[in-house]
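Down below is the structure, laid out as structure tokens.
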Amino acid sequence: MCGIVGYIGNRNSQEVLIEGLKKLEYRGYDSAGVAVFTKNGLEVKKSVGRLANLESKLGDAPLEGTIGIGHTRWATHGKPSDANSHPHTDSSLKFSVVHNGIIENYATLKEELIANGHVFLSDTDTEVISHLIAVEYQGDIVKAVQKAVKRMRGAYALGVLTEHEPDRLVAVRNASPLIIGVGDGENFIGSDIPAILNYTRDVYILNDGEMAVLTRDGVELLTLEGNFISRELFHVDWDLVTAEKAGFDHFMLKEIYEQPKAYRDTMGARISEDGKRVVLPEVKMTEDEIKRISRIHIVACGTAYHAGLVGKTIIERLTGIPVETDVASEYRYRSPIITPDTLVIVVSQSGETADTLAALREAQRCGARVLAITNVVGSSVAREANSVITTWAGPEIAVASTKAYTTQLIGFYLFGLFLAQTLETQKPEYIAEVLSALQQLPTQVEAILEKAEDIKDIAEQAATHEDLFFIGRGIDYAVTLEGSLKLKEISYIHSEAYPSGELKHGTLALIEDGIPVIALATQDELLEKTVSNIKEVVARGGYIIGIGNEGDAELPRQVDRLFSIPRTLGLLTPALSVIPLQLLAYYAALARGNDVDKPRNLAKSVTVE
Ligand code: M6R
Numbered sequence: 056m057c058g059i060v061g062y063i064g065n066r067n068s069q070e071v072l073i074e075g076l077k078k079l080e081y082r083g084y085d086s087a088g089v090a091v092f093t094k095n096g097l098e099v100k101k102s103v104g105r106l107a108n109l110e111s112k113l114g115d116a117p118l119e120g121t122i123g124i125g126h127t128r129w130a131t132h133g134k135p136s137d138a139n140s141h142p143h144t145d146s147s148l149k150f151s152v153v154h155n156g157i158i159e160n161y162a163t164l165k166e167e168l169i170a171n172g173h174v175f176l177s178d179t180d181t182e183v184i185s186h187l188i189a190v191e192y193q194g195d196i197v198k199a200v201q202k203a204v205k206r207m208r209g210a211y212a213l214g215v216l217t218e219h220e221p222d223r224l225v226a227v228r229n230a231s232p233l234i235i236g237v238g239d240g241e242n243f244i245g246s247d248i249p250a251i252l253n254y255t256r257d258v259y260i261l262n263d264g265e266m267a268v269l270t271r272d273g274v275e276l277l278t279l280e281g282n283f284i285s286r287e288l289f290h291v292d293w294d295l296v297t298a299e300k301a302g303f304d305h306f307m308l309k310e311i312y313e314q315p316k317a318y319r320d321t322m323g324a325r326i327s328e329d330g331k332r333v334v335l336p337e338v339k340m341t342e343d344e345i346k347r348i349s350r351i352h353i354v355a356c357g358t359a360y361h362a363g364l365v366g367k368t369i370i371e372r373l374t375g376i377p378v379e380t381d382v383a384s385e386y387r388y389r390s391p392i393i394t395p396d397t398l399v400i401v402v403s404q405s406g407e408t409a410d411t412l413a414a415l416r417e418a419q420r421c422g423a424r425v426l427a428i429t430n431v432v433g434s435s436v437a438r439e440a441n442s443v444i445t446t447w448a449g450p451e452i453a454v455a456s457t458k459a460y461t462t463q464l465i466g467f468y469l470f471g472l473f474l475a476q477t478l479e480t481q482k483p484e485y486i487a488e489v490l491s492a493l494q495q496l497p498t499q500v501e502a503i504l505e506k507a508e509d510i511k512d513i514a515e516q517a518a519t520h521e522d523l524f525f526i527g528r529g530i531d532y533a534v535t536l537e538g539s540l541k542l543k544e545i546s547y548i549h550s551e552a553y554p555s556g557e558l559k560h561g562t563l564a565l566i567e568d569g570i571p572v573i574a575l576a577t578q579d580e581l582l583e584k585t586v587s588n589i590k591e592v593v594a595r596g597g598y599i600i601g602i603g604n605e606g607d608a609e610l611p612r613q614v615d616r617l618f619s620i621p622r623t624l625g626l627l628t629p630a631l632s633v634i635p636l637q638l639l640a641y642y643a644a645l646a647r648g649n650d651v652d653k654p655r656n657l658a659k660s661v662t663v664e
């Protein structure tokens with residue numbers, strides 16, 4: 056996955072491209088590059104490393120021109136290097152391409168092109184595209200792109216320029232996100248809306264198999280067969296400032312502190328005024344259809360998968376419907392049993408994760424209904440699912456997901472309760488009790504955030520270690536998986552999460568003097584057993600950091616350090632207990648001097664399988 060941007064108008068295109076790429080760096084930051092029409096023709100500048108490297112190259116020798124394309128890369132084919140950076144050109148240097156996605160049959164195409172005398176300068180799959188377009192070009196860049204993409208298999212969002220037609224910018228999409236910004240005398244392409252929001256709020260969202268031809272004066276949308284498409288402009292009404300750091304040192308910290316608001320916004324009008332019912336008109340299923348659901352599959356990746364593990368417990372406890380949670384990249388390949396009575400819930404912050412999208416399509420192909428829990432309105436997942444519960448977390452920029460996870464949990468609580476009230480599997484009084492507890496969560500999160508300094512202290516100590524373990528039982532275990540992922544991804548400390556009772560079946564061998572073990576113990580009915588497991592670790596020299604409920608008498612006696620969270624219903628504790636784990640990861644990464652918002656090797660949105 057990568058970020059692409061393009062501009063045609065009367066401004067200095069280099070500036071517009073760099074601004075856009077800054078907004079897209081969350082999609083990848085191994086290298087960056089731009090191609091601009093200058094008085095010398097199509098000129099390309101690219102640089103391995105962060106965008107700042109490219110900026111300093113351009114600072115020394117700016118590219119003057121009003122049409123250009125740009126790219127920020129997350130390497131798939133070929134290591135990060137100047138040569139592998141986009142834009143890529145053909146042998147004649149007359150065609151230039153930026154690409155987000157993967158061309159699956161690139162090796163065969165490359166072989167064929169080489170046999171015909173083409174010389175390749177990179178190890179990327181993308182370079183074949185510029186060569187293919189050059190081969191197909193017979194005086195019309197639109198037709199050449201149409202012909203070239205028909206030979207390609209895989210995912211692509213492309214921006215294409217040719218020196219032969221310096222007043223046209225062509226964009227095309229298949230299975231990778233692409234939007235077109237429409238301005239006054241200028242037009243834009245971008246992988247995501249923030250890339251162009253400084254210039255226009257009117258956009259077209261391209262669908263798979265569609266292309267756009269941009270000139271200064273207008274935008275034409277076409278099918279790959281060349282038929283015109285008529286589409287309403289989408290007006291973006293959210294503010295870019297909400298995507299800025301707002302005084303915090305890092306986006307991640309800002310996003311952690313935004314969680315009380317994100318909880319409130321996601322619950323919003325979905326709880327009836329009398330606090331007794333969940334109102335979810337976005338679930339497009341009749342009562343009969345809901346009553347026919349015989350099983351639920353939850354499918355997602357990474358942090359969203361961890362939210363799905365909590366979602367399984369929520370739905371099973373509230374409704375009795377059997378739920379399986381799958382990692383999206385595995386789902387299709389395990390031949391899951393999907394019937395028309397299966398409800399598939401896909402969870403995705405970005406709504407663009409390729410594996411999740413593929414699982415969604417597979418589920419629909421097998422006749423299942425798909426409900427999406429996603430944070431991005433207009434994303435591919437949101438557009439293709441049968442129903443969508445939007446998590447109103449606002450833009451999440453840090454690669455490490457925080458507020459998206461917790462609002463996904465809120466989505467599961469609301470949906471679980473909605474099912475329970477429709478299926479009458481819970482008494483109305485109990486539903487009202489859970490809803491009341493849900494509404495207290497934002498204030499309880501605020502109380503946890505006020506104690507962030509305590510976690511900072513624990514994190515600075517933890518940051519001196521190379522290994523760390525998390526243990527928990529039941530729903531706590533699901534949360535420890537998320538805590539462990541967060542710590543690994545930004546602090547680079549090796550950590551593992553285990554069900555507390557499983558430790559003695561092998562992993563206990565790794566516990567040595569002073570190894571930090573974070574024990575999550577928020578479930579009253581499991582506390583005694585967890586305490587036994589804590590004792591097993593203490594006996595081997597482990598250093599226990601306990602996270603439990605305020606007012607617990609036993610846990611403080613068993614641990615070396617304690618962090619308490621406000622009391623809530625057992626089922627709701629994940630929405631609180633994960634907050635100290637997010638802070639732990641943040642402060643540990645900070646103590647190690649890491650780039651918190653842009654951890655190495657990762658990207659925010661993984662749009663390749
Ligand atoms: O956009 P998505 O929710 O579909 O993304 C899924 C994962 O790539 C994502 O949650 C990833 O694991 C995060 N970096 C974790 O913090």
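So the number in the numbering used here is just where the residue sits in the sequence shown, counting from 1, plus 55.
Note that beta-carbon positions come from the ideal geometry of N, C-alpha and C, so glycine has one too.
Restricting to Cα atoms, I'd like to know which of the options is closest to residue i.
i, options, result
"glutamate 119", "Pro221, Pro142, Phe92", "Phe92"
"aspartate 329", "Ser491, Val227, Ser403, Ser442", "Ser491"
"valine 174", "Asp180, Thr181, Lys165", "Lys165"
"valine 153", "Asn160, Lys134, Thr179, Glu167", "Thr179"
"serine 349", "Thr394, Val436, Gly240", "Thr394"
"leucine 72", "Pro635, Ser546, Val399, Leu106", "Leu106"
"serine 68", "Lys78, Lys112, Lys101, Gly125", "Gly125"
"lysine 53", "Pro117, Tyr485, Tyr642", "Any property of residue 53 remains undetermined from this structure, which presents the chain solely from 56 to 664."
"aspartate 579", "Ala448, Ile428, Thr628", "Thr628"
"alanine 226", "Ile599, His520, Asn262, Gly238", "Asn262"
"tyrosine 642", "Asp568, Asp607, Asp509", "Asp509"
"isoleucine 244", "Glu218, Ala459, Glu275, Glu220", "Glu275"
"proline 249", "Gly236, Gly240, Glu605", "Gly236"
Using DSSP's beta-bridge definition, name the partner residues of residue i.
i, result
"tyrosine 211", "Gly156, Ala230"
"threonine 462", "DSSP, once it has assigned bridges, lists no residue as partnering threonine 462."
"threonine 397", "Arg350"
"aspartate 522", "His549"
"lysine 101", "Gly88"
"glycine 96", "Thr93"
"leucine 59", "According to the sequence displayed, residue 59 carries isoleucine and not leucine. DSSP, once it has assigned bridges, lists His126 as partnering isoleucine 59."
Answer yes or no: the CB of residue i versus the heavy atoms of the ligand M6R, is any distance below 7 Å?
i, result
"threonine 358", "yes"
"leucine 542", "no"
"leucine 657", "yes"
"alanine 643", "no"
"threonine 666", "Nothing about residue 666 can be reported from this structure: the residues present for the chain run from 56 to 664 only."
"valine 661", "yes"
"glutamine 314", "no"
"serine 491", "no"
"valine 338", "no"
"alanine 440", "no"
"alanine 423", "no"
"serine 404", "Note that residue 404 is glutamine in the sequence shown, not serine. Yes, the Cβ of glutamine 404 comes within 7 Å of a heavy atom of the ligand M6R."
"valine 89", "no"
"histidine 456", "The residue you asked about is not histidine; residue 456 is serine in the sequence shown. Indeed, a heavy atom of the ligand M6R lies less than 7 Å from the Cβ."
"threonine 411", "yes"
"threonine 408", "yes"
"tyrosine 170", "Checking the displayed sequence, the identity of residue 170 turns out to be alanine instead of tyrosine. Alanine 170: no, Cβ never under 7 Å from the ligand M6R."
"alanine 459", "yes"
My understanding is that residue i touches residue j, with C-beta atoms under 8 Å, so please give their C-beta distance in whole angstroms.
i, j, result
"valine 500", "leucine 631", "7 Å"
"leucine 288", "aspartate 257", "5 Å"
"alanine 487", "histidine 361", "In fact, because the Cβ distance is near 28 Å, the residues do not count as touching under 8 Å."
"glutamine 495", "threonine 623", "7 Å"
"leucine 474", "glycine 538", "At roughly 28 Å, the Cβ-Cβ gap does not stay under 8 Å, so leucine 474 and glycine 538 are not in contact."
"asparagine 430", "lysine 339", "Not a contact, Cβ separation roughly 19 Å."
"alanine 383", "alanine 418", "The Cβ separation is near 11 Å, so there is no contact."
"alanine 448", "threonine 321", "7 Å"
Regarding residue i and the ligand NAD, is the C-beta to nearest heavy atom distance less than 7 Å?
i, result
"phenylalanine 618", "This structure lacks the ligand NAD; its bound ligands are the ligand M6R."
Is the CB of residue i under 8 Å away from at least one CB in chain E?
i, result
"asparagine 282", "In summary, chain E is missing from the structure at hand, where a single protein chain is found."
I'd like the ranges of any beta strand (DSSP E) spanning at least 3 consecutive residues and lying wholly in the segment 137-184. For the segment 137-184, whole beta strand (DSSP E) runs of length 3 or above, ordered along the chain, are 150-158.
In chain order, which continuous runs of the alpha helix (DSSP H) of length 4 or greater are located wholly inside the segment 561-608? Runs of the alpha helix (DSSP H) inside the segment 561-608: 582-594.
For a minimum of 3 consecutive residues, which ranges assigned as the beta strand (DSSP E) are wholly contained in the segment 218-302? Secondary structure in the segment 218-302: the beta strand (DSSP E) runs of 3 residues or longer, each lying completely within the stretch, are 224-229, 234-237, 242-245, 257-260, 265-269, 274-278 in chain order.
Which runs of the alpha helix (DSSP H) fall wholly inside the segment 633-658 and span at least 4 residues, in chain order? Complete alpha helix (DSSP H) runs here, min 4: none at all.
Could you tell me which uninterrupted beta strand (DSSP E) segments, each at least 3 residues in length, are contained entirely in the segment 372-453, listed from first to last along the chain? Taken in chain order, the complete beta strand (DSSP E) segments of 3 residues or longer contained in the segment 372-453 are 378-382, 397-403, 424-429, 442-445.
Could you give the uninterrupted runs of the alpha helix (DSSP H) lying entirely in the segment 452-516, keeping only those of 4 residues or more? Qualifying alpha helix (DSSP H) stretches, in chain order: 458-478, 483-505.
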